[in-house]
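Residue 138 in UniProt numbering sits at position 138 of the sequence shown, with consecutive numbering throughout.
This report concerns only the one structure given below.
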Amino acid sequence: QLAKTPRPTLYKERLKKDKEKKDDKNLSSPIGEKVKEVFLKIDKIRGYRPPKRKAEAAAIIRMLKVYIPDQIIETYENLKSDNFWQGKELFMMTVESQIGAVINGENRRDNQATRDAKRNTKQDSSKYTGGKYGDFVKH
1 QLAKTPRPTL YKERLKKDKE KKDDKNLSSP IGEKVKEVFL KIDKIRGYRP PKRKAEAAAI
61 IRMLKVYIPD QIIETYENLK SDNFWQGKEL FMMTVESQIG AVINGENRRD NQATRDAKRN
121 TKQDSSKYTG GKYGDFVKH
(Lines of atoms letter the chains of each structure in order from A and count residues from 1; the text may use other names and numbers.)
(Lines give C-alpha, C1' and ligand atoms only; values in the text may rest on other atoms or scores of the structure.)
Protein backbone atom coordinates (compact mmCIF):
# COMPACT_ATOMS: atom_id res chain seq x y z
CA GLN A 1 0.00 0.00 0.00
CA LEU A 2 1.27 3.48 -0.92
CA ALA A 3 1.73 6.05 1.77
CA LYS A 4 -0.26 9.19 1.10
CA THR A 5 0.69 12.67 2.20
CA PRO A 6 -2.19 14.25 4.07
CA ARG A 7 -3.98 16.97 2.09
CA PRO A 8 -3.42 19.75 4.67
CA THR A 9 0.34 19.22 4.38
CA LEU A 10 0.22 19.49 0.58
CA TYR A 11 -1.90 22.61 0.88
CA LYS A 12 0.55 24.21 3.33
CA GLU A 13 3.50 23.33 1.07
CA ARG A 14 1.71 24.90 -1.88
CA LEU A 15 1.00 28.08 0.10
CA LYS A 16 4.65 28.24 1.14
CA LYS A 17 5.82 27.92 -2.50
CA ASP A 18 3.34 30.59 -3.62
CA LYS A 19 4.59 32.92 -0.90
CA GLU A 20 8.20 32.35 -2.01
CA LYS A 21 7.23 33.21 -5.60
CA LYS A 22 5.53 36.41 -4.43
CA ASP A 23 8.62 37.31 -2.42
CA ASP A 24 10.69 37.00 -5.61
CA LYS A 25 8.44 39.57 -7.28
CA ASN A 26 8.37 41.83 -4.22
CA LEU A 27 8.90 45.43 -5.32
CA SER A 28 10.88 46.21 -2.18
CA SER A 29 13.63 43.88 -3.43
CA PRO A 30 16.68 45.33 -5.25
CA ILE A 31 15.18 44.30 -8.61
CA GLY A 32 11.85 45.80 -7.59
CA GLU A 33 13.54 49.10 -6.79
CA LYS A 34 15.16 49.12 -10.22
CA VAL A 35 11.80 48.36 -11.86
CA LYS A 36 10.29 51.31 -9.98
CA GLU A 37 13.19 53.51 -11.12
CA VAL A 38 12.63 52.58 -14.78
CA PHE A 39 8.87 53.10 -14.50
CA LEU A 40 9.29 56.52 -12.84
CA LYS A 41 11.54 57.78 -15.62
CA ILE A 42 9.55 56.20 -18.47
CA ASP A 43 6.22 57.47 -17.08
CA LYS A 44 7.72 60.95 -16.79
CA ILE A 45 8.83 60.79 -20.45
CA ARG A 46 5.45 59.44 -21.58
CA GLY A 47 3.39 61.70 -19.37
CA TYR A 48 1.03 58.88 -18.32
CA ARG A 49 0.89 55.29 -17.08
CA PRO A 50 0.31 52.73 -19.84
CA PRO A 51 -2.43 50.09 -19.62
CA LYS A 52 -0.13 47.05 -19.98
CA ARG A 53 1.66 47.67 -16.68
CA LYS A 54 2.07 44.04 -15.63
CA ALA A 55 3.47 42.91 -18.99
CA GLU A 56 5.80 45.91 -19.05
CA ALA A 57 7.04 45.10 -15.54
CA ALA A 58 7.82 41.54 -16.64
CA ALA A 59 9.76 42.85 -19.66
CA ILE A 60 11.71 45.26 -17.45
CA ILE A 61 12.56 42.46 -14.99
CA ARG A 62 13.90 40.33 -17.85
CA MET A 63 15.96 43.25 -19.20
CA LEU A 64 17.37 44.00 -15.74
CA LYS A 65 19.02 40.58 -15.72
CA VAL A 66 21.36 41.86 -18.45
CA TYR A 67 21.14 45.67 -18.55
CA ILE A 68 21.13 48.54 -16.06
CA PRO A 69 18.14 50.91 -15.75
CA ASP A 70 19.94 53.74 -17.57
CA GLN A 71 20.51 51.50 -20.61
CA ILE A 72 16.82 50.56 -20.69
CA ILE A 73 15.72 54.20 -20.52
CA GLU A 74 18.32 55.24 -23.10
CA THR A 75 17.06 52.53 -25.46
CA TYR A 76 13.46 53.69 -24.97
CA GLU A 77 14.46 57.28 -25.79
CA ASN A 78 16.52 56.17 -28.79
CA LEU A 79 13.66 54.12 -30.25
CA LYS A 80 11.08 56.82 -29.49
CA SER A 81 13.18 59.40 -31.38
CA ASP A 82 12.97 57.23 -34.52
CA ASN A 83 10.41 58.48 -37.06
CA PHE A 84 8.68 55.09 -37.03
CA TRP A 85 7.71 55.43 -33.34
CA GLN A 86 6.56 59.06 -33.52
CA GLY A 87 2.90 59.12 -32.51
CA LYS A 88 2.84 55.38 -31.72
CA GLU A 89 2.77 53.61 -28.38
CA LEU A 90 6.16 52.11 -27.53
CA PHE A 91 5.82 49.40 -24.90
CA MET A 92 8.67 47.92 -22.90
CA MET A 93 8.13 44.56 -24.61
CA THR A 94 9.28 46.20 -27.86
CA VAL A 95 12.20 47.86 -26.08
CA GLU A 96 13.14 44.41 -24.77
CA SER A 97 13.22 42.98 -28.30
CA GLN A 98 15.38 45.86 -29.60
CA ILE A 99 17.69 46.69 -26.70
CA GLY A 100 20.54 44.41 -27.77
CA ALA A 101 20.72 45.94 -31.24
CA VAL A 102 20.48 49.50 -29.94
CA ILE A 103 23.10 49.02 -27.23
CA ASN A 104 25.48 47.37 -29.70
CA GLY A 105 25.01 50.24 -32.16
CA GLU A 106 23.10 48.23 -34.71
CA ASN A 107 20.00 50.35 -34.67
CA ARG A 108 17.74 50.74 -37.66
CA ARG A 109 19.19 54.02 -38.88
CA ASP A 110 22.70 52.56 -39.12
CA ASN A 111 21.42 49.58 -41.08
CA GLN A 112 19.33 51.82 -43.33
CA ALA A 113 22.46 53.50 -44.71
CA THR A 114 23.99 50.09 -45.44
CA ARG A 115 20.83 48.90 -47.23
CA ASP A 116 20.66 52.09 -49.29
CA ALA A 117 24.29 51.70 -50.34
CA LYS A 118 23.67 48.11 -51.45
CA ARG A 119 20.61 49.11 -53.46
CA ASN A 120 22.49 51.85 -55.28
CA THR A 121 25.34 49.60 -56.47
CA LYS A 122 24.86 48.38 -60.02
CA GLN A 123 25.37 44.76 -60.93
CA ASP A 124 27.38 43.79 -63.98
CA SER A 125 24.54 43.00 -66.38
CA SER A 126 26.86 41.25 -68.86
CA LYS A 127 26.88 38.23 -66.51
CA TYR A 128 23.12 37.79 -66.78
CA THR A 129 20.73 37.09 -69.66
CA GLY A 130 16.97 37.04 -69.85
CA GLY A 131 15.52 33.70 -68.84
CA LYS A 132 12.47 31.84 -70.11
CA TYR A 133 10.06 33.83 -67.95
CA GLY A 134 11.80 37.20 -68.17
CA ASP A 135 13.91 36.72 -65.05
CA PHE A 136 17.65 36.97 -65.25
CA VAL A 137 19.80 33.85 -65.28
CA LYS A 138 23.47 33.84 -64.34
CA HIS A 139 25.88 32.26 -66.92
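Every residue, glycine too, gets a C-beta built ideally from N, C-alpha and C.
Just so you know, these numbers come straight off a predicted model, no measurement behind them.
State yes or no: is the C-beta of valine 102 within less than 8 Å of the C-beta of isoleucine 73?
Contact flag unset, no.
Under 8 Å between the Cβ atoms of lysine 80 and leucine 90?
Yes. Within cutoff.
Assigned exposure category for glutamate 33 - 16 Cβ within 10 Å defines buried:
So glutamate 33 counts as exposed.
By Cβ distance below 6 Å, which residues in the same chain neighbour glutamine 69 in space, the five residues on each side in sequence not counted?
In the sequence as presented, glutamine is not what sits at residue 69; that position holds proline. In the same chain as proline 69, and ignoring 5 residues on each side of it, the C-beta atoms closer than 6 Å to its own belong to Lys34, Glu37 and Val38, in chain order.
So, helix, strand or coil for arginine 53, using DSSP?
Here arginine 53 carries a helix assignment [DSSP, helix/strand/coil].
Terminal residues of the alpha helix (DSSP H) in which aspartate 70 lies:
In the DSSP assignment, aspartate 70 falls within the unbroken alpha helix (DSSP H) covering 69 to 81.
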